[in-house]
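Structure record follows, encoded as structure tokens.
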Amino acid sequence: MRLLPLPAILVSLGLAILAGCDKPAQKEHEEAHKILVTRPVVKDVVSTQQYVCQIHSWRHIEVCALEGGYLEKISVQEGQAVKEGDLLFKILPVLYQARLNSEIAEAQLAQIELDNTQRLYQQNVVAQPEVALAKAKLAKAQSKVDLTRAELDFATIEAPFEGIIDTQRMQQGSLIAEGDVLTTLSDNNVMWVYFNVPEARYLEYEAGKNREALKIELMLANGEKFPYEGKIGAIEADFNNETGNIAFRADFPNPDHLLRHGQTGTVLVSHVVKDAVVIPQRATYEILAKKYAYVVGDAGEGEETEGKAMEETGHAAHAEPVGGASHSAGNEQVSKKSAEQHSDHQASGHEAGNDLQEGVVHQREIVILSEQDDIYLINEGLNASDKIVLEGIRQVRDGEAVEYEFRAPEEVLEHLKYKAE
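Here the UniProt record's numbering is used: the first residue of the sequence shown is 1, the next is one more, and so on.
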């Protein structure tokens, strides 16, 4: 028995090992290229859009001094809730009271003068114009009394409505001037929430002319939802030309006074999109801010169309002559023309069938209508009959033929998070 040299044995063993390892690797490569495919679903879906918002009290005013003087008394504390008519501030009234007393005395003097003039008129001592002049002086004096009394009333500042007192700008004993801001007062029973909506969304919301169908919710800064829903209260008259947005106002009840003037949050506007084309988000990818999906060709529809065309062409080519020998030349031309049409149809059908070739992957740009949790609502690019790559997007390339496993879209969607009607 002839023994092989040691180097030859080592080479043979190495080749055998490499051959054995190549088969599992090839098998793994084939399995890796077996991708998961599904179809879009057409159904009614609740679409929710989020907008950053500013929260305002429906009544929020600055409390100002109507007259100047020394701030004699502050009757409220910062953050205190007050009712309509409650005393807030009092300005030292000594000067206003003294002025009022002086004007009252002037009015009394004018009244005495009028009485004397009327008595003299009755005695034919003075003429009628003297009486009229005395009446005018009395009216002027009474007007000054009313004005001075109003100034005295302005020294006492009361709450014009129910609300919450903000920071006090002046301290007791301060010398204030007319128009100085003393504090602010907010009525938080109803809150006005302002947010900006793009033009496309505005048209979408206004298309049905039914604002009541919009569900308006408020997400607070801590991530929790405000327990009360709102409604659209107003829409501004003009768009902002710089941003292309228009301001909406949503009105929210605030019985617990949780919301305060100046807060921020996020408004959630939800509405039902009828017959929306729905796909999982993971079935898409992005290139240069554009969304794409891989569509897997299905030759069934293309082959059926081509078969029908061939059948119709065949009937035309083999039509029986109707007029005997006199029509034979004409029938020959018809047959020739039909054959040419059939040939042209085959060529064009094959060219168009590239998109429908079974198992071939094609990149397709899509336009997103809205995004919700784990799904996209498609505006353009896909329909319910398309097959799209669900898993294995990184393993395929445009124009590549692949083996795939189909999964029913209902089965795919039942594991995703979204809101459907």
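Even for Gly, the Cβ is constructed at its ideal location relative to N, Cα and C.
Note that the structure is predicted; figures quoted are calculated from it, not measured.
Taking the alpha helix (DSSP H) that TYR96 falls in, what are its first and last residues? 94-122
If you measure between the beta carbons of VAL389 and TYR294, is that distance less than 8 Å? yes
What does the alpha-carbon distance come out to for the pair GLU72 and ARG99? 18 Å
What does DSSP give as the partner residue(s) for MET219 in the beta ladder? LYS225, THR266
Counting only the same chain and skipping the five closest in sequence on each side, list residues whose C-beta sits under 8 Å from that of GLU67. ILE91, TYR96, GLU151, PHE154, ALA155, GLU178
From the DSSP output, read off the bridge partner residues of TYR404. ILE35
Could you give the distance in angstroms between the alpha-carbon of GLU410 and the alpha-carbon of VAL396? 24 Å
Since PRO40 and ILE279 should fall inside the 8 Å C-beta cutoff, what is the C-beta to C-beta distance between them, to a whole number of angstroms? 5 Å
Could you spell out the range, first to last residue, of the beta strand (DSSP E) harbouring ASP187? 181-198
What does a CB cutoff of less than 8 Å around ALA213 pick up in its chain, not counting 5 residues either side in sequence? HIS271, VAL272
Mapping the DSSP letters down to three states, classify GLN357 as helix, strand or coil. coil
Euclidean distance between Cα positions of LEU268 and ILE375: 17 Å
Host beta strand (DSSP E) of LYS83 (start-end): Run containing LYS83: none; DSSP gives neither H nor E here.
List the endpoints of the continuous alpha helix (DSSP H) containing residue 423. The shown model of the chain, from 1 to 421, leaves out residue 423, and the question about it has no answer.
In the DSSP output, what is TYR285 paired with across the bridge? TYR292
Within the continuous beta strand (DSSP E) that includes SER47, where are the two ends? 41-64
Which ranges would you report for the alpha helix (DSSP H) in the segment 118-168 if only whole runs of at least 4 residues count? 128-154
Given GLN172, which residues of its chain have a CB within under 8 Å of its CB, disregarding the five upstream and five downstream residues? LEU71, GLU72, LYS73, ILE74
Under the three-state reduction of DSSP, which class applies to LEU390: helix, strand or coil? strand
What separation, rounded to the nearest whole angstrom, lies between the Cα atoms of GLU414 and LYS387? 18 Å
Start-to-end residues for the beta strand (DSSP E) that takes in LEU259: Here LEU259 belongs to no beta strand (DSSP E), and DSSP marks it neither H nor E.
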